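For reference, the structure discussed in these notes is given below.
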């Protein structure tokens with residue numbers, strides 16, 4: 381599962397400059413107009429390539445959307461890894477939760493689709509049988525498990541991801557998501573999920 385977010389599948393070419401240009405153009409279009417309203421023609425125009433080039437590289441608009449979201453997930457998880465480097469599992473859980481919410485709040489694509497078309501975004505998280513969620517869960521479990529060898533952290537990490545997603549996609553209520561509030565909530569509630577070191 382981690383391979384899904386860390387590198388392309390074996391049967392795909394590694395990203396090259398043209399592919400990155402197309403993904404950049406698609407991301408800019410999706411941020412500006414949402415996932416549903418953007419056509420392959422829009423992306424081709426922004427990337428300054430022929431529409432057939434995009435179809436050759438990605439096949440369908442759905443596959444292009446998935447590749448853009450996978451790339452954003454890689455960036456997102458890299459940011460969490462950087463924010464938690466060198467921390468204990470307890471501090472990594474708290475600071476990773478805070479960093480994840482901060483990054484998600486400031487991500488133009490997520491902000492656009494979470495408020496404007498969540499029904500188009502949520503299926504992307506469950507694509508390929510929920511592979512994105514499972515891959516993210518596995519990466520987080522590996523990070524939190526460094527000082528808890530053998531601990532089963534899959535459930536804990538999936539709950540963390542689902543709590544964060546619900547705070548982002550269903551704003552309001554009594555839980556604030558600014559850094560200080562998220563940090564206090566993680567210390568008060570989420571640390572309880574973490575099993576003690578063996």
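Numbering (the numbering used here), first residue to last: 381 to 578. No residue lacks a Cβ here, since even glycine has one placed at the ideal position from N, Cα and C. All values derive from a computational prediction rather than experimental measurement.
Relative to the Cα of residue 566, the nearest Cα in the group 496, 472, 407 and 575 belongs to 472.
Taking a contact to require three or more Cβ pairs closer than 8 Å, the stretch 447-464 and the stretch 478-497 qualify as touching. Contact annotation: residue 494 and residue 540 have beta-carbon atoms that are not nearer than 7 Å.
Counting the other Cβ atoms within 10 Å of the Cβ of residue 523 gives 16 or more, which makes it buried. Only buried fits residue 533, as 16 or more other CB atoms lie within 10 angstroms of its CB. Counted as a single uninterrupted DSSP element, the alpha helix (DSSP H) harbouring residue 486 occupies residues 469-486. Bounds of the alpha helix (DSSP H) holding residue 453 are 441-464. In the three-state DSSP reduction, residue 430 falls in the coil class, being neither helix nor strand. In the DSSP assignment, residue 419 falls outside any alpha helix (DSSP H) and carries neither an H nor an E. Put simply, of 412, 512 and 402 the residue whose alpha carbon is nearest the alpha carbon of residue 423 is 402.
Shortest Cα-Cα distance from residue 414 to any of 404, 526 and 500 involves 500. If you check the CB distance, residue 470 and residue 398 do not come in under 7 Å. Just so you know, the alpha carbons of residue 537 and residue 514 end up roughly 10 Å apart.
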